[in-house]
Amino acid sequence: MDRLDLYNSAVPNARQKIVQDMRFYAFVHFSINTFTNKEWGNGKENLKRFNPKELDTEQWCRAVKAAEMKGIILTAKHHDGFCLWQTKTTEHSIKNTPYKNGKGDIVAELAAACKKYGLKLGIYLSPWDRNSPCYGTDGYMDFYIGQLTELMTGYGDIFMLWLDGACGAHLDGKQAQVYDFERIYKTALKYQPNIALSNCAPDIRWVGNESGKARKSEWNVVPKFDSAAQNIADAQKDGDAEKFKKRCTDVFLDDMGSREFLSGYKEFVWYPAEVDVSIRKGWFYHKLQDFTVRSVDNLMKIYYNSVGGNSLLLLNIPPDKKGLFCAKDVKRLEEIGQWIRKERELKISGIMYGYDGETKEGFGVQNIADGKTFSPSSAERESYDIVLKFDKSAIDRVRLSENTDYSQRIESFELLTDLDGELKSLYIGTVVGFCKIAVFERTETDNLILRIKQSRKEPYINRIEVCKVGGYVPKKGRQVL
Ligand code: FUL
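Start counting the sequence shown at 1; every next residue gets the next number (the numbering used here).
So this is what it looks like as C-alpha cells:
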C-alpha cells in the first residue's frame, strides 16, 4: 500500500456518515443559568428559581426546522450539575424545582417534540460537574455513567453525545477529574449503536474555536493523535489558555491534513470538523444580549464557511426564562432557512460529460445529485475534467461532494467555463470532501468544467450541482478571481 492508499483507507464509519448527511443542527443551552443570568453556574444555585412558565419544545423544533437544521442537542446537564430530566442519580435536578411541581422532564419533552417534527435528538452531558460531591474522586465515573445510562436508555434514539472538555475544577479548590473516556464511549455505544461521539471524542472533531470559523482547507483524514480527548480535557482543567493551546496543538493547527502534513505521521483516522457557535454572544440566554443576535449575513457567511467548507455546523439558540426562543432569533432562523431552500431550487439540470469526453449514460447532472458516484473510466491522469452542459443561464455557484466511502481525495480543483472558445476561470479551490459550496462571480454561460487538478488517486464525485443566480451571496463570501 503506498502513502496515498494509506490516506484513502481512512473512511467514515456509519455513525459519522449519519451526521455528515445532516450537516447542520442546533445546540440548545438551557439550565439554571438561564434564570441566574450566568454562563457557568457554580452548582450551588437555588433550584426554586427554575420555572420556565411557557416552555414549549415544539416552538424550538419549529424554529430549528425552519432553518433547515436536522437535529437538536440539549444541555441535559451543564457544568453546574443541574439535571433537566428525572434522574435517580442526584437531587440537583428538575424534580426539586417549581417547574410542573417537580414532575417535569425537559429531555422527555424535547424527545417527543423532535419525534413529532422529524428532528434528531442529541445530548450534551457535561463531564465537569460543580455540584456532585464525588467529582474528583474515584466514585465520579460511576455517577456519570449512571446519568449517561439514564439518558441513553430512556429517551429513544440519540444521534450525538457531546462531551465538553471545559473544566475549572481549580475554581472550586477541587482535584480535577481524570475521565474514563473509553467507558463513556462504550456505554453510549452499547445503548445507542448509531450515536456519534463529538468534541472530546473520536467521531467528530472540535474545529478549535467557538466563533464560527472553519479552516480554508478542512480535511477529514487527519493523523491519529494520542488520546486527543483526554488531552483536551486535561488541558482545560486549569483554565490556562496558553497551556491549553500548547497541549492540544492538534485541534489548533492551521493545517491538519494536507499531503505534506500527513507525511510526518504513520496512522490516520477519519475525523470531520464541527463548527460550534452561538446565534448570540453567550451560550445561555441573557436579556442584555438581545442586541447581539447575529445578522443574516453573518450567519450565512458562517454557513458557507462551515457547511460549504466540508464541516458540520452546530448553531446554538438559547431559550429565555419563559422557556422560548426569542422572536428575533426565530426570525433569523426563518430567514436563513429561506435562503438555504432557495439555493436548492436554483439547481440547473443538464448533461454531464466524463473525463474522456464521453457522455456517461445515467450520469446526468440530476443523477449525480441523487447520490450516484461518478468514478473515472481510467485511473490515474494529470487532471480530471468533468464538463456540464445546460441551457444558457446566469450562474454563480456550484455545490460539490465526494463519495466519502472512497475517503477524501480531492486536494485542488478549479471551476472554469468555455466562453466562445476561451476558458474563463470561475473559482479556485482546495478540498471538496462531503460538502463544498463554491460561490463565484455571476457569469452567463451554458457550460461548466470541473477540473480536478490534484487528488489522492482518482476522485469519486457524487454531486455536482450548478446553481442559477438568486441564492444568498455573503458580503465577503464570493471568490473573485
Ligand atoms: C464550552 C462551555 O464551557 C460553554 O459553557 C459551552 O457549553 C460551550 C459549547 O462549550 O466549553
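C-beta: ideal position from N, C-alpha, C; glycine also.
When the options are compared against residue i, the one with the closest alpha-carbon
{"i": "I449", "options": "K287, G350 and F261", "result": "G350"}
{"i": "L148", "options": "L197, C167, G156 and I184", "result": "I184"}
{"i": "G156", "options": "L121, A169 and G139", "result": "L121"}
{"i": "K476", "options": "L299, C467 and R332", "result": "L299"}
{"i": "D172", "options": "V307, I279, S132 and T57", "result": "S132"}
{"i": "L419", "options": "F325, Y406 and T445", "result": "T445"}
{"i": "G471", "options": "S425, S455, Q338 and L400", "result": "Q338"}
{"i": "N447", "options": "Y179, L423 and Q177", "result": "L423"}
{"i": "L346", "options": "L119, V398 and L197", "result": "V398"}
{"i": "E150", "options": "A76, F291 and L314", "result": "A76"}
{"i": "F50", "options": "G104, A66 and H79", "result": "G104"}
{"i": "P52", "options": "I437, K321 and C326", "result": "K321"}
{"i": "E109", "options": "G282, L74, D129 and F325", "result": "L74"}
{"i": "F390", "options": "Y406, D405, E414 and I348", "result": "I348"}
{"i": "E414", "options": "I437, Y406, S311 and D405", "result": "I437"}
{"i": "C61", "options": "N310, D129, I32 and A111", "result": "A111"}
{"i": "A113", "options": "R294, P127, K65 and N96", "result": "K65"}
{"i": "E54", "options": "C326, Q479 and V439", "result": "C326"}
{"i": "S455", "options": "E382, T443 and S393", "result": "E382"}
{"i": "K468", "options": "A188, L197, K392 and F291", "result": "K392"}
Beta-carbon proximity check, residue i vs residue j, cutoff 8 Å
{"i": "V28", "j": "I72", "result": "yes"}
{"i": "P98", "j": "K48", "result": "yes"}
{"i": "K203", "j": "R15", "result": "The displayed chain sequence assigns Asp, not Lys, to residue 203. Yes; because the gap between Cβ atoms is below 8 Å, this pair is in contact."}
{"i": "A273", "j": "E218", "result": "yes"}
{"i": "L388", "j": "A63", "result": "no"}
{"i": "S260", "j": "K224", "result": "The sequence given here has Glu at residue 260, not Ser. No; because the gap between Cβ atoms is not below 8 Å, this pair is not in contact."}
{"i": "Y285", "j": "T34", "result": "yes"}
{"i": "F159", "j": "I18", "result": "yes"}
{"i": "Q177", "j": "G136", "result": "yes"}
{"i": "P459", "j": "Y384", "result": "yes"}
{"i": "V307", "j": "C435", "result": "yes"}
{"i": "L313", "j": "Y303", "result": "yes"}
{"i": "R341", "j": "E68", "result": "yes"}
{"i": "E39", "j": "W283", "result": "yes"}
{"i": "G165", "j": "N199", "result": "yes"}
{"i": "L315", "j": "D56", "result": "no"}
{"i": "L163", "j": "P127", "result": "yes"}
{"i": "I317", "j": "A26", "result": "yes"}
{"i": "K88", "j": "L119", "result": "no"}
{"i": "S311", "j": "V439", "result": "no"}
Near the ligand FUL: residue i beta-carbon under 7 Å from a heavy atom
{"i": "E39", "result": "yes"}
{"i": "D80", "result": "no"}
{"i": "A166", "result": "yes"}
{"i": "H92", "result": "no"}
{"i": "W283", "result": "yes"}
{"i": "D129", "result": "no"}
{"i": "H286", "result": "no"}
{"i": "D276", "result": "yes"}
{"i": "H29", "result": "yes"}
Rounded straight-line distance, which links the Cα of residue j to that of residue i
{"i": "I395", "j": "F252", "result": "36 Å"}
{"i": "P319", "j": "I410", "result": "41 Å"}
{"i": "S377", "j": "R451", "result": "Caution is warranted here: a pLDDT of 49 is assigned to S377, below 50, making its placement in the model unreliable, and the coordinate value is therefore given only provisionally. Cα-Cα distance, rounded: 16 Å."}
{"i": "E465", "j": "R3", "result": "31 Å"}
{"i": "F30", "j": "K328", "result": "17 Å"}
{"i": "C134", "j": "F82", "result": "15 Å"}
{"i": "I145", "j": "K100", "result": "27 Å"}
{"i": "N403", "j": "A169", "result": "43 Å"}
{"i": "G362", "j": "I386", "result": "Confidence in G362 is poor, its pLDDT being 49 and thus under 50, which makes the residue's placement too unreliable to answer from."}
{"i": "T417", "j": "S258", "result": "28 Å"}
{"i": "L400", "j": "V431", "result": "10 Å"}
{"i": "Y427", "j": "N209", "result": "27 Å"}
{"i": "R215", "j": "W270", "result": "17 Å"}
{"i": "N462", "j": "L161", "result": "29 Å"}
{"i": "G433", "j": "E441", "result": "23 Å"}
{"i": "E45", "j": "S425", "result": "60 Å"}
{"i": "Y265", "j": "H79", "result": "36 Å"}
{"i": "R478", "j": "K301", "result": "10 Å"}
{"i": "G421", "j": "K331", "result": "47 Å"}
{"i": "Q289", "j": "N96", "result": "29 Å"}
{"i": "D254", "j": "G429", "result": "17 Å"}
{"i": "R130", "j": "G139", "result": "15 Å"}
Check: residue i C-beta below 7 Å from any heavy atom of the ligand HEM
{"i": "D420", "result": "For the ligand HEM, the structure offers nothing, since it holds only the ligand FUL."}
Contact belief for residue i with residue j at Cβ below 8 Å, rounded distance in angstroms
{"i": "M152", "j": "Y191", "result": "4 Å"}
{"i": "L84", "j": "V107", "result": "6 Å"}
{"i": "N220", "j": "Q408", "result": "5 Å"}
{"i": "V277", "j": "S211", "result": "6 Å"}
{"i": "N8", "j": "K457", "result": "6 Å"}
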